[in-house]
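Quick note, the sequence shown lines up with residues 293 to 459 if you use the numbering used here. Every residue gets a Cβ at the ideal spot worked out from N, C-alpha and C, and that includes glycine. Fair warning: this is a prediction, and the values are worked out from it, not measured in the lab. The structure appears below as structure tokens.
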Amino acid sequence: MAKIPLAIGLRTLFIVLGALMLATLLYTLFTDGSPFRTELLTPWMTATLIDFYINVVALSVWVAYKEPNWISSILWIILLVFLGSITTSAYIVLQLLKLSSQESSQDPMYYVLLRHPPKNGTEPKRNHSFVATLRILFSILGIVMLGTLVYTLVTDGSPFRTELLTP
């Protein structure tokens, strides 16, 4: 049996995931209506939204790192905020499509995650304080999410209750 290259498998995976999320979103909008209703704003929905936006911050930092200019970074970040995993899947597929055949055959995820070097061959100087700042930022975000989880568990109980799981 022929071996499928990892890059093609990853492209297929993220196309399927993005399409699945788009179908889920459209189905939910057509069958349940707008998600912006007060009866849906339970403590667990609030915790879920906080979790989602913490993930958006992490992905936004990566997109800002990867993109060659601020305009494309801002556009992708806006799409991440409004479309979430649909945008994430599309962005990863586009990054996989940008890989050369050599990069695809070696370690595609390594090349997808890292910024491509500039065309002139000079690598910009890295500031170590930027890494320290991001470590602090993500530590704070992790503490906020942990605090949100503990607070919601204590004040609202388990999310696996019948009244939360049935519409």
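Cα separation between residue i and residue j?
i	j	result
Leu312	Phe374	17 Å
Tyr403	Ile300	14 Å
Leu445	Lys390	43 Å
Thr379	Leu426	23 Å
Ser381	Leu309	7 Å
Leu441	Ser393	44 Å
Arg329	Glu455	17 Å
Gln398	Val385	17 Å
Leu341	Gly439	14 Å
Tyr319	Gly325	9 Å
Ile435	Leu321	33 Å
Leu367	Phe306	20 Å
Arg453	Leu333	16 Å
Ser365	Leu371	10 Å
Tyr443	Trp354	29 Å
Trp336	Glu395	42 Å
Asp448	Ala424	36 Å
Arg407	Lys358	5 Å
Helix, strand or coil for residue i, going by three-state DSSP, please let me know.
i	result
Ser539	Since the first residue shown for the chain is 293 and the last is 459, residue 539 is missing from the structure and cannot be characterised.
Ser396	helix
Leu389	helix
Arg427	helix
Leu406	coil
Just curious, the alpha helix (DSSP H) that residue i is in, first and last residue?
i	result
Phe344	335-358
Thr330	Per DSSP, Thr330 belongs to no alpha helix (DSSP H) and is neither H nor E.
Arg236	Absent from the structure is residue 236, since the part of the chain shown begins at 293 and ends at 459.
Leu371	362-375
For a test of your reading of the model: does the CB of residue i fall under 8 Å from any non-hydrogen atom of the ligand NAP? Yes or no.
i	result
Leu314	The ligand NAP is absent from the structure shown, which contains no ligands of any kind.
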